[in-house]
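Scroll down for the structure; my scribbles are underneath it.
There are 2 protein chains.
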Amino acid sequence: MNKKNRVTSYDVAHAAGVSQSAVSRVYRPGVSVSKKTREKVLKAAEELGYKPNAIARMLINQSTGMIAVIISSRANVNFPEVLAQLNKHIAEKNKRVLLFTLDDAEQLETVIEQILAYQVDGVVALTAHFEPDSVTQFAKHNIPVVLYNRELPDHSVSSVCCNHDQGLRMLVDILVNHHHQHFLIMAGPKDSDVARARLSGARNALLSHGFTDTNVVYGDYSYDSARECLSAYAEKNALPTAIICANDTMAIGAIDEIRENLNLRVPEDISVVGFDGISASSWHSYQLTTVSQPTYFMTKAAVETLVNLIESPDIPPETRYWPGKLIEGNSVAAAPRDNE
Amino acid sequence: MNKKNRVTSYDVAHAAGVSQSAVSRVYRPGVSVSKKTREKVLKAAEELGYKPNAIARMLINQSTGMIAVIISSRANVNFPEVLAQLNKHIAEKNKRVLLFTLDDAEQLETVIEQILAYQVDGVVALTAHFEPDSVTQFAKHNIPVVLYNRELPDHSVSSVCCNHDQGLRMLVDILVNHHHQHFLIMAGPKDSDVARARLSGARNALLSHGFTDTNVVYGDYSYDSARECLSAYAEKNALPTAIICANDTMAIGAIDEIRENLNLRVPEDISVVGFDGISASSWHSYQLTTVSQPTYFMTKAAVETLVNLIESPDIPPETRYWPGKLIEGNSVAAAPRDNE
DNA sequence: GTGAAAGCGCTAACAG
DNA sequence: CTGTTAGCGCTTTCAC
Numbered sequence: 001m002n003k004k005n006r007v008t009s010y011d012v013a014h015a016a017g018v019s020q021s022a023v024s025r026v027y028r029p030g031v032s033v034s035k036k037t038r039e040k041v042l043k044a045a046e047e048l049g050y051k052p053n054a055i056a057r058m059l060i061n062q063s064t065g066m067i068a069v070i071i072s073s074r075a076n077v078n079f080p081e082v083l084a085q086l087n088k089h090i091a092e093k094n095k096r097v098l099l100f101t102l103d104d105a106e107q108l109e110t111v112i113e114q115i116l117a118y119q120v121d122g123v124v125a126l127t128a129h130f131e132p133d134s135v136t137q138f139a140k141h142n143i144p145v146v147l148y149n150r151e152l153p154d155h156s157v158s159s160v161c162c163n164h165d166q167g168l169r170m171l172v173d174i175l176v177n178h179h180h181q182h183f184l185i186m187a188g189p190k191d192s193d194v195a196r197a198r199l200s201g202a203r204n205a206l207l208s209h210g211f212t213d214t215n216v217v218y219g220d221y222s223y224d225s226a227r228e229c230l231s232a233y234a235e236k237n238a239l240p241t242a243i244i245c246a247n248d249t250m251a252i253g254a255i256d257e258i259r260e261n262l263n264l265r266v267p268e269d270i271s272v273v274g275f276d277g278i279s280a281s282s283w284h285s286y287q288l289t290t291v292s293q294p295t296y297f298m299t300k301a302a303v304e305t306l307v308n309l310i311e312s313p314d315i316p317p318e319t320r321y322w323p324g325k326l327i328e329g330n331s332v333a334a335a336p337r338d339n340e
Numbered sequence: 001m002n003k004k005n006r007v008t009s010y011d012v013a014h015a016a017g018v019s020q021s022a023v024s025r026v027y028r029p030g031v032s033v034s035k036k037t038r039e040k041v042l043k044a045a046e047e048l049g050y051k052p053n054a055i056a057r058m059l060i061n062q063s064t065g066m067i068a069v070i071i072s073s074r075a076n077v078n079f080p081e082v083l084a085q086l087n088k089h090i091a092e093k094n095k096r097v098l099l100f101t102l103d104d105a106e107q108l109e110t111v112i113e114q115i116l117a118y119q120v121d122g123v124v125a126l127t128a129h130f131e132p133d134s135v136t137q138f139a140k141h142n143i144p145v146v147l148y149n150r151e152l153p154d155h156s157v158s159s160v161c162c163n164h165d166q167g168l169r170m171l172v173d174i175l176v177n178h179h180h181q182h183f184l185i186m187a188g189p190k191d192s193d194v195a196r197a198r199l200s201g202a203r204n205a206l207l208s209h210g211f212t213d214t215n216v217v218y219g220d221y222s223y224d225s226a227r228e229c230l231s232a233y234a235e236k237n238a239l240p241t242a243i244i245c246a247n248d249t250m251a252i253g254a255i256d257e258i259r260e261n262l263n264l265r266v267p268e269d270i271s272v273v274g275f276d277g278i279s280a281s282s283w284h285s286y287q288l289t290t291v292s293q294p295t296y297f298m299t300k301a302a303v304e305t306l307v308n309l310i311e312s313p314d315i316p317p318e319t320r321y322w323p324g325k326l327i328e329g330n331s332v333a334a335a336p337r338d339n340e
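Residue numbers (the UniProt record's numbering), protein chains in the order written: chain A, 1 to 340; chain B, 1 to 340.
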């Protein structure tokens with residue numbers, strides 16, 4: 001191990017001919033130091049290449065300025081954008097993102113242990129495998145948690161969610177307005193909360209129009225899985241006139257499968273809708289009708305809720321829903337007559 | 001501010017009826033403690049909900065176990081994958097990712113200051129705006145740095161790079177083998193190192209086949225920019241028979257522009273090649289001929305290089321090149337005769 | 001406004 | 001194997 005030739009506030013104090021606490025004061029906001037002292041200190045610091053040690057500061061302040069962000073690498077495709085924006089909003093609050101991945105339930109204990117050890121100021125969880133138990137652990141240590149696109153049944157933790165019900169209702173309404181009657185739901189992985197929320201949103205919306213028992217196939221959010229499960233479904237079932245997909249990537253996979261292997265057209269023969277509003281959804285070959293999540297506002301809300309909770313731990317848990325925004329593309333048309 | 005009711009090793013020691021250092025020993029690897037003591041300590045710790053404070057440990061160990069990863073949010077599209085994999089490899093080395101975004105040169109000083117304050121063990125930089133000066137600053141503080149897909153002219157810092165020259169040579173060779181003679185290079189943003197490397201790779205490869213002065217248009221890596229700059233180019237110039245794009249996203253944009261607005265076919269009328277091997281490149285509507293970066297190996301190499309450097313700071317800077325892998329799609333065909 | 005001194009929670013010699 | 005002790009680099013009273 002290397003012994004870093006660290007330069008400490010004592011070194012600077014010595015060089016500047018002042019006390020160590022004088023040096024400390026120069027680097028703290030809202031503390032009064034005479035101009036003369038400040039200049040002497042800054043000059044010495046510059047010469048020695050001194051930077052205050054945030055670790056030592058953390059130990060005293062009981063605040064690290066770090067926010068743990070937990071993601072699953074297998075997550076829905078819009079996570080990069082979410083992560084980038086979270087990071088930006090967190091940086092604006094003058095805090096830092098400490099990144100954790102949680103891919104399967106077994107790692108849960110380890111990850112939580114590490115997060116607790118690092119004394120983070122708060123946690124943003126974007127992941128499945130995050131059970132009420134985990135939340136309790138953070139609560140015990142007074143570490144605020146905000147869930148992103150995930151809510152606990154008892155709403156005991158603050159959440160920021162896209163309103164998947166409302167989004168799917170808009171999509172289903174469009175399909176129904178186009179006289180569709182034969183639907184297929186292409187759902188996401190069963191262990192994903194978002195996928196479950198979208199599935200139940202689709203079912204509820206269809207139900208409200210009197211459509212019961214709609215068939216469901218399950219993919220894993222990926223393009224390939226969409227093609228595979230649609231292909232398998234088509235072999236054994238009559239084709240629907242409309243497919244409601246759990247995300248845009250699967251919608252795109254469905255479209256390609258319809259065109260390439262089922263030899264049908266989108267939207268003339270089959271209509272397809274997605275969810276997320278990823279950039280590929282607007283590409284000319286697909287032009288998906290979809291619902292985009294207001295990522296900017298949702299990430300901002302998540303960070304603000306968390307920061308408030310850090311400052312005032314007694315704020316009760318709040319669930320904030322954001323409506324999705326309908327993007328009408330060219331992937332929905334009137335249901336074909338001959339299919340009734 | 002909340003006064004967290006932290007439980008410290010002293011509390012545990014008291015409850016277990018042992019000394020504080022006994023508690024400490026239980027939580028340190030490779031330190032011998034009697035079974036009896038260990039059990040007493042673990043029991044007390046469990047009851048009190050004790051977790052060792054990593055911050056205090058850092059202060060002594062002179063090692064935080066944190067790696068700063070610097071990204072730019074405007075980066076090339078495959079960054080999410082890179083970040084996820086870096087994070088995974090770093091976690092395997094039992095270290096943590098502290099995330100920093102660097103979008104413009106002005107933030108550079110602030111970001112560096114923060115990274116230094118946080119006493120990270122090392123830095124992985126995936127960003128432009130990272131000048132030799134910045135590297136010097138980290139060197140002064142003995143913080144190892146590894147650049148990802150970026151190299152300094154003097155090779156004074158370790159780098160892990162995809163061999164863009166070799167990748168572009170493969171792509172250009174394919175086009176030349178298909179008798180193409182009229183090329184257009186669609187380059188990425190001028191301030192991106194990767195974009196520059198790919199541009200010069202394309203030029204060199206073309207040059208080696210005797211093609212000089214190939215026209216270049218500049219996009220910003222995005223789908224829209226590709227469409228815009230191709231559209232503007234087409235208004236004033238004869239169309240090429242082959243377009244060499246700086247990344248897959250722009251290649252896809254170019255294909256859509258060719259099909260939708262130029263009313264030509266890909267690959268029959270114009271061939272298009274990309275770079276990166278993003279998942280959309282294999283979608284049925286595009287089937288790009290492209291070169292994929294060995295992201296898994298590159299990220300692993302970057303982390304290993306960095307960890308070695310952390311353990312043995314005297315290792316001289318090394319540049320590791322990884323070859324891209326050619327993926328032959330269906331976006332290249334023989335050059336049309338009538339275009340010569 | 002400044003310096004002295006007491007910790008933050010832990011690790012790492014050092015005796016016993 | 002265990003307890004005692006002295007810090008890691010900083011912030012924060014508290015006198016002056």
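Glycine included, each C-beta is placed from N, C-alpha and C at the ideal position.
Within-9 Å CB hit, residue i to chain A
i	result
D11 (chain B)	no
G329 (chain B)	no
L99 (chain B)	yes
H141 (chain B)	yes
E113 (chain B)	yes
S24 (chain B)	no
N2 (chain B)	Confidence at N2 (chain B) is low in this model, with a pLDDT of 35, below 50, so the placement of that residue should be treated as unreliable; the coordinate-derived value is given next. It does: the Cβ of N2 (chain B) has a partner Cβ on chain A nearer than 9 Å.
Proximity of residue i and residue j at Cβ, strictly below 9 Å
i	j	result
G274 (chain B)	T295 (chain B)	no
K236 (chain B)	Y218 (chain B)	no
A251 (chain B)	S281 (chain B)	yes
E257 (chain B)	L230 (chain B)	yes
L102 (chain A)	H129 (chain A)	yes
S279 (chain B)	K325 (chain B)	no
Q62 (chain B)	A54 (chain A)	no
V160 (chain B)	L152 (chain B)	no
V157 (chain A)	A187 (chain A)	no
I243 (chain B)	L288 (chain B)	no
N163 (chain A)	W322 (chain A)	yes
L175 (chain B)	V332 (chain B)	yes
Residue i at chain B interface by Cβ criterion, 9 Å
i	result
K51 (chain A)	yes
F79 (chain A)	yes
D256 (chain A)	yes
Residue i burial status per 10 Å Cβ neighbour count (16 or more: buried)
i	result
S32 (chain A)	exposed
P29 (chain A)	exposed
M1 (chain B)	Residue placement at M1 (chain B) cannot be trusted, given a pLDDT of 32 that sits under 50; the coordinates are not used to answer.
K43 (chain B)	exposed
G17 (chain B)	exposed
G210 (chain B)	exposed
R203 (chain A)	buried
K51 (chain A)	buried
P316 (chain B)	exposed
T136 (chain A)	exposed
K40 (chain B)	buried
A334 (chain B)	exposed
Whole-Å CB distance - residue i paired with residue j, under 8 Å assumed
i	j	result
E97 (chain B)	A125 (chain B)	According to the sequence provided, residue 97 (chain B) is Val. The question's Glu does not apply to it. In fact, because the Cβ distance is near 13 Å, the residues do not count as touching under 8 Å.
V111 (chain A)	T64 (chain A)	Their Cβ separation, rounded to whole angstroms, is 17 Å, which puts V111 (chain A) and T64 (chain A) out of contact at 8 Å.
G253 (chain B)	D276 (chain B)	The Cβ separation is near 13 Å, so there is no contact.
A56 (chain B)	F100 (chain B)	Not a contact, Cβ separation roughly 24 Å.
L48 (chain A)	A15 (chain A)	6 Å
Distance between residue j and residue i (C-alpha atoms, nearest Å)
i	j	result
N339 (chain B)	S285 (chain A)	Its pLDDT being 44, under 50, N339 (chain B) is placed unreliably by the model, and nothing is read from it.
S72 (chain A)	F297 (chain B)	20 Å
L184 (chain B)	A105 (chain B)	31 Å
residue 350 (chain A)	V194 (chain A)	Since the displayed chain A opens at 1 and closes at 340, residue 350 (chain A) lies outside it and no answer follows.
P313 (chain A)	R6 (chain B)	15 Å
K300 (chain A)	A22 (chain B)	45 Å
S19 (chain B)	Y27 (chain B)	14 Å
H310 (chain A)	P80 (chain B)	Checking the sequence, you will find Ile at residue 310 (chain A) rather than His. Going by the C-alpha atoms only, they are around 28 Å apart.
A197 (chain B)	D173 (chain B)	18 Å
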